[in-house]
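Residue numbers 49 to 229, in my numbering, belong to the letters of the sequence shown in order. First comes the structure, then the notes that go with it.
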Amino acid sequence: MYHIPQDKRAQTSAQKIESSLERLLETYAFNQISVSQICDESGVSRTTFYRLFDIPADIIQWYCDTKSQALWDALKQEDKTVLELPFQFNVRYIFNHPEALELAYKAGRLDIADAAFYNNVATMLDEMKHKYQLNETDMKMGAAIVSSIITSAFKVWMKESKKESVDLLYERIIRIVQHIK
49 MYHIPQDKRA QTSAQKIESS LERLLETYAF NQISVSQICD ESGVSRTTFY
99 RLFDIPADII QWYCDTKSQA LWDALKQEDK TVLELPFQFN VRYIFNHPEA
149 LELAYKAGRL DIADAAFYNN VATMLDEMKH KYQLNETDMK MGAAIVSSII
199 TSAFKVWMKE SKKESVDLLY ERIIRIVQHI K
């Protein structure tokens with residue numbers, strides 16, 4: 049779990065730690081990276097690290113949660129017509145702002161990103177449950193499906209070296225989902 053207050057100093061330290069983890073992942077596998085390495089790379093003390101994070105995986109969780117909240121904030125700022133196509137907005141936003149998923153992917157922890165985006169999608173569906181007549185189970189199932197599609201598609205997109213545009217990727221996802229019906 050992470051414990052990052054909203055003050056600027058704590059946010060700056062968390063960002064330094066996250067950036068250090070990204071740099072270390074260029075050389076080491078995630079399970080080979082220690083708190084000491086992260087602290088040395090970031091210039092942040094172990095005390096500060098443990099004040100903000102319990103374990104290195106919490107860095108990924110914090111970053112994915114932060115980016116997921118930014119997605120939700122962006123969605124809320126859009127005009128109401130975007131709510132007609134929330135999945136499209138999510139896919140385009142996430143793939144145009146892939147930093148959190150890239151970090152999770154490099155660390156081999158897409159499960160963390162999936163959980164963060166699940167919570168975001170669940171919040172979005174909660175806002176729209178009356179429009180689409182969703183009950184609690186439908187909302188949970190919908191959030192699980194959408195977040196899984198996004199993280200799974202991202203994994204393939206990364207392996208393919210991001211060869212297609214976000215719009216083509218979205219069209220491919222929709223075409224595949226329609227064939228599943």
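By construction, the Cβ of each residue, glycine as well, lies at the ideal position given by its N, Cα and C atoms.
Residue i to residue j, Cα distance in whole Å?
i, j, result
"aspartate 106", "tyrosine 50", "6 Å"
"threonine 95", "leucine 69", "17 Å"
"leucine 149", "cysteine 87", "23 Å"
"phenylalanine 101", "tyrosine 111", "12 Å"
"isoleucine 108", "proline 134", "25 Å"
"tyrosine 180", "glutamine 136", "16 Å"
"tyrosine 166", "valine 83", "28 Å"
"isoleucine 224", "alanine 58", "43 Å"
"serine 90", "proline 146", "22 Å"
"glutamate 184", "threonine 75", "44 Å"
"alanine 118", "lysine 56", "17 Å"
"glutamate 219", "lysine 210", "15 Å"
"asparagine 144", "leucine 182", "29 Å"
"arginine 28", "arginine 157", "Given that the chain is displayed from residue 49 to residue 229, the structure contains no residue 28 and the question cannot be resolved."
"lysine 228", "arginine 140", "Lysine is not the amino acid found at residue 228; the sequence shown has isoleucine there. So the two alpha carbons sit approximately 22 Å from each other."
"glutamine 9", "serine 67", "In the structure as shown, the chain begins at 49 and stops at 229. Residue 9 is therefore absent and cannot be evaluated."
Short check: CB of residue i to CB of residue j, under 8 Å?
i, j, result
"serine 116", "valine 92", "no"
"tyrosine 123", "methionine 172", "According to the sequence provided, residue 123 is leucine. The question's tyrosine does not apply to it. Contact: yes."
"glutamine 63", "leucine 72", "no"
"serine 195", "aspartate 159", "no"
"isoleucine 81", "proline 104", "yes"
"isoleucine 221", "alanine 201", "yes"
"asparagine 79", "tryptophan 120", "no"
"asparagine 138", "isoleucine 198", "yes"
"tyrosine 97", "isoleucine 65", "One detail in the question is off: residue 97 reads as phenylalanine in this sequence, not tyrosine. Going by C-beta atoms, phenylalanine 97 is nearer than 8 Å to isoleucine 65."
"methionine 189", "alanine 170", "no"
"aspartate 113", "alanine 164", "yes"
Residues bridged to residue i by DSSP?
i, result
"phenylalanine 101", "Tyr50"
(message) Can you confirm whether the region 193-209 touches the region 151-167 when touching is taken to mean that 3 or more C-beta pairs between the two stretches lie within less than 8 Å?
(response) yes
(request) Take every Cβ of the region 210-225, pair it with every Cβ of the region 160-175, and state whether three or more of those distances are shorter than 8 Å. (result) no
(request) Enumerate, from N- to C-terminal direction, the unbroken alpha helix (DSSP H) stretches of 4 or more residues contained entirely within the region 148-211. (result) 158-176, 184-207
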